[in-house]
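Structure first, commentary second.
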Amino acid sequence: MSLTLNLTKEKGFSKYILPATFDNFTVSNNVTFTYIQAFKEKIGFNKILSSILSFKKAPNAVFQPAEIIDFMIDSVIQGNTRFLHMDQLRYDNAYTEIKGHKVPSEKVCRDLIKAMPESSLEELRLINKTLLSLQSKGTKREVIMNFDDTVCTIFGEQEGASVGYNPRYHGRPSFKEKIGIIANTDELVNVTLEEGKHHTNHGFLDFVKSCEEQLPENWIIKRVRVDRGAFDYDNILYFESKGYEYVMKAKNQAWIRCFIDYVNQREHLYTWTEIDKTFSVNEIYAKMPKWDKARRIVIIRKKLPQPKTGQICMDIDEFKYEYQAIVTNIEYMTPEEIFHEYNQRCDIENKIDELKEGFAF
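For the sequence shown, counting from 1, position 224 maps to 224 in UniProt numbering; every step adds exactly one.
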């Protein structure tokens, strides 16, 4: 890099201008990539890719699938999530020096994705499982799983998209992605890509079972946190049969509202515990019509904003509070602790945004 000093005068003050010209090939935006590459070599990442991916290109091909996918992962890590932006790494001499070979073009990446068979998806999941197993190092570990889904709106005619629930772009075609993430440490266990018209509970138990298969053998699910979209009796029975603790938001069904009314009408028996100025909690053991037994239901009461001074406000419970309910089989936590425990799951929204925006899922 060469610098030229120019001294100019601007409004009576001397001003130094230092125009910089990069005239060599030692400057890079990706100097920290050396640590990433060293880590990948340490765990034998390329060997894992090559040994598991069965799809191969022609013997005379310059790049095999493992090399192309490795390059795509490097690109995403460096923030180049679009195909057109991946070419930037091709012209970064520091990156090519670190890799020690030429790198594929974005067209090569596109062609690979187009050519790979659907069976490669399961192989990619197996690669992820292998990496999780390496991380486990044979150590027994209890994990908490967070489950959720997200809507991915599209603005074209991509195959498999359909019109379904879309909170932001009503009537637009979209995909639905189910995601399973380990709480606190944020390891991604599994993710699906489905039609946008699929609701959260569509194939939910199959997805839970696929996440179980993805976990290393010595990792045991202790607890699951689930949003109201997957509130279903069959899901509750499955979690109980597996011995999992569950914290599940209940849908605002008529029976749930009946339980809430029952609690409010007997405040001498069911005392509200104030968490802060906005939230209070209560609990009841109750049995819904299809249930085989009563289960613990923690009720959350949220105080609604008060109207401005001078406005008439009807003294009706619906105008003063908003209610939610959480069904759980955890007995050793207080209702307040259950409230906070479920709220731990809310961080999955940030992880979903990171996957969608930061890693181009």
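We treat Cβ as the ideally placed atom computed from N, Cα and C, and that holds for glycine.
Asked                                                                                                                                                                               : Found
State the Cα-Cα distance for the pair residue 125 and residue 274, rounded to the nearest angstrom.                                                                                 : 45 Å
When the Cα atoms are used, what is the spatial distance from residue 242 to residue 128?                                                                                           : 24 Å
Should the stretch 139-159 be regarded as contacting the stretch 338-350, the criterion being three or more beta carbon pairs within less than 8 Å?                                 : yes
Can you tell me where the alpha helix (DSSP H) holding residue 72 begins and where it ends?                                                                                         : 65-77
Ordered along the chain, which non-local residues of its own chain (more than five positions away) have a Cβ less than 7 Å from that of residue 240?                                : 329
Can you check DSSP and say which residues form a bridge with residue 246?                                                                                                           : 224
Who are the Cβ neighbours of residue 158 in its own chain at under 7 Å, not counting the five residues just before and after it?                                                    : none
How is residue 108 classed by DSSP in three states: helix, strand or coil?                                                                                                          : helix
What is the rounded straight-line gap between the Cα of residue 337 and the Cα of residue 90?                                                                                       : 52 Å
Quick one: grab the DSSP three-state call for residue 360.                                                                                                                          : coil
Comparing C-alpha positions only, which one of 136, 132, 141, 173 sits nearest to residue 152?                                                                                      : 173
Report whether the distance from the Cβ of residue 156 to the nearest heavy atom of the ligand PLP is below 6 Å.                                                                    : Because no ligand of any kind appears in the structure shown, any question about the ligand PLP cannot be addressed here.
For residue 115, which of helix, strand or coil comes out of DSSP?                                                                                                                  : helix
Of the choices 267, 238, 266, 230, whose alpha-carbon is the least far from that of residue 250?                                                                                    : 230
May I have the straight-line CA-CA distance separating residue 201 from residue 193, to the nearest angstrom?                                                                       : 14 Å
Going by Cα to Cα distance, which pick from 291, 224, 81, 332 is closest to residue 342?                                                                                            : 224
Quick one: grab the DSSP three-state call for residue 38.                                                                                                                           : helix
Taking 8 Å as the cut-off, does the stretch 101-109 touch the stretch 66-83 (at least 3 CB pairs, one atom from each stretch)?                                                      : yes
By Cβ distance, which residues of its chain are closer than 8 Å to residue 64, with the 5 residues on each side in sequence left out?                                               : 50, 56, 57
State the CB to CB distance for the pair residue 180 and residue 155, rounded to an integer number of angstroms; the pair is presumed to be in contact (CB under 8 Å).              : Actually they do not touch by this definition, with Cβ atoms about 28 Å apart.
Would you identify the three-state DSSP class for residue 193, choosing helix, strand or coil?                                                                                      : coil
Quick check: what's the CA-CA separation for residue 325 versus residue 263?                                                                                                        : 12 Å
Less than 7 Å between the beta carbons of residue 304 and residue 216, yes or no?                                                                                                   : no
Using the DSSP secondary-structure output, state which residues sit across from residue 303 in a beta bridge.                                                                       : 321
Roughly how many angstroms separate the alpha carbons of residue 166 and residue 62, rounded to a whole number?                                                                     : 43 Å
If you draw a straight line from the C-alpha of residue 162 to the C-alpha of residue 31, how long is it?                                                                           : 42 Å
According to DSSP, is residue 291 helix, strand or coil?                                                                                                                            : coil
Measure the CB-CB distance between residue 46 and residue 74 and report whether it falls below 7 Å.                                                                                 : no
Under a Cβ-count criterion, where at least 16 other Cβ atoms within 10 Å of its own Cβ denotes burial, should residue 335 be classed as buried or exposed?                          : buried
Taking all protein chains shown into account, decide if residue 196 is buried (16 or more other Cβ within 10 angstroms of its Cβ) or exposed.                                       : buried
Leaving aside the five residues before and after residue 222 along the sequence, list all residues of the same chain whose C-beta is less than 8 Å from its C-beta, in chain order. : 142, 143, 144, 244, 245
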